[in-house]
Amino acid sequence: MKAPGPVAAAVRRAPRAFAVLALGAVLLTGCGATGTPVDPAPVSAAERPLPVGVQENPTTASTSAAPVPECNPTQSLRPGPLPPAGQMPAGSTMANIQARGKLIAGVDQNTYLFGFRNPSTNRLEGFDIDRVHDVAEAIFGPSPNIDEKIQYKVISSAERVNALKNGEVDIVARTFTANCQRWADINFSAIYYVAGQKLLVPTSSTVESLDQLAGKKVCAARGSTSIGRIVAKKAVPVATDTWSDCLVMLQQNQVEGVSTDDTILAGMVKQDPNTKIVGPPLSDEPYGIGIPKQNEDMVRFVNGVLEKSIGDGSWAQSAQTWVGGAQPPVRQYR
Ligand code: GLU
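Counting from 7, one number per residue, gives the positions in the sequence shown under our numbering.
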């Protein structure tokens, strides 16, 4: 933790006279009354600790003014016929993964409904995790223990593009918006879900949209597209490493709201019924599976897997489980 604990912070702030008084109180209590709890720090003055790595007004790629090449971010590479599971074409990216024995997938473990760790099983679950399972089963063959064929790497929003660029992962399935800035560095699969950025506030709040929070602190994960829109609406962006940290900051009254994809916010509402989603969608966030730039065979393969899951109803079943049902987005290919 970077921030001092509440007691340490309060003690550091306390004037010396207070410290002496407090010490006196401790001594008196120690000699006299029994069973009276001693708390030399006035609780009302104690600051709640901030999550590690919190940054106000971060400068991130999504807020930088670097020119972005034009593209159609929702158009991916046309899928070819899927090879039979366990028989990946020689020399292909998928054959390398098959030979390695594990698909390496960049995922989240902090986003309830999309990529989170189920505390009772200790397994990763969610809509994005189902997409990883589909790809792994297409390479290795269906299995009730498909997790044994996957090496999960938990990565933050900010780490997604570099994890792919550096070849640390084969795929990233992590509420990953396909946009032209990211397409410049990596490939995306066809779109498998379209979210939209909204705002989360406490149920007691009268705020109805991000426009009303100009000059106020609003949380989003560092490296997410969400930060850019918070800036555009003149709110003060507060960046965290994980989405859970944003929820904690809202619960501790350290920010006025959390603004990101409605999918992620829906998971927060499920975890904390004292929060609500408000406002119109501020954007389209089309989710694609990220794949390294050079692995075009893998892009076509993953798109084949996606088409298959939509065709055989497993995508719909997964959507039913995690997002209360949805229509699959129209896949676009070039
Ligand atoms: N979909 C947005 C993005 O890709 C926000 C979600 C996230 O960062 O996890 O940046």
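Idealized CB from N, CA, C, for every residue including glycine.
| Query | Result |
| --- | --- |
| May I have the straight-line CA-CA distance separating V336 from Q61, to the nearest angstrom? | 37 Å |
| Between which two residues does the beta strand (DSSP E) harbouring C225 extend? | K223 to A227 |
| According to DSSP, is R337 part of a helix, a strand, or is it coil? | coil |
| Within 10 Å of its beta-carbon, does N128 have 16 or more other beta-carbons around it, so buried, or fewer, so exposed? | exposed |
| Could you check if A220 is buried or exposed, using at least 16 other CB atoms within 10 Å of its CB as the buried criterion? | exposed |
| How long is the line joining the alpha carbons of C167 and S232, rounded to whole angstroms? | Looking at the sequence itself, residue 167 is Val, so the reference to Cys does not match. So the two alpha carbons sit approximately 16 Å from each other. |
| Rounded to whole angstroms, what is the Cα-Cα separation between R188 and F133? | 22 Å |
| Rounding to the nearest angstrom, what Cα-Cα distance links P89 and P95 in this structure? | 7 Å |
| Look at the Cβ atom of S163, then the Cβ atom of G294, and state whether they are nearer than 8 Å. | no |
| Any heavy atom of ligand 1 closer than 7 Å to the beta-carbon of F133? | no |
| With distances taken between CB atoms, is the gap from A353 to V113 smaller than 8 Å? | The question about residue 353 has no answer here: the residues shown for the chain are numbered 7 through 340. |
| Sort N309, E313, G319 and V224 by Cα distance to I177 and report the nearest one. | N309 |
| Hey, quick one: how far does the alpha helix (DSSP H) through F182 stretch, first residue to last? | Where F182 is concerned, there is no enclosing alpha helix (DSSP H), given that its DSSP letter is neither H nor E. |
| Given a threshold of 16 other Cβ atoms within 10 Å of its Cβ, counted over all protein chains shown, does Q203 qualify as buried or as exposed? | buried |
| For S250 versus L205, is the C-beta distance shorter than 8 Å? | no |
| Would you mind listing the beta strand (DSSP E) stretches within the region 96 to 144 that are 3+ residues and don't spill past its ends, in chain order? | 109 to 113, 121 to 124 and 129 to 131 |
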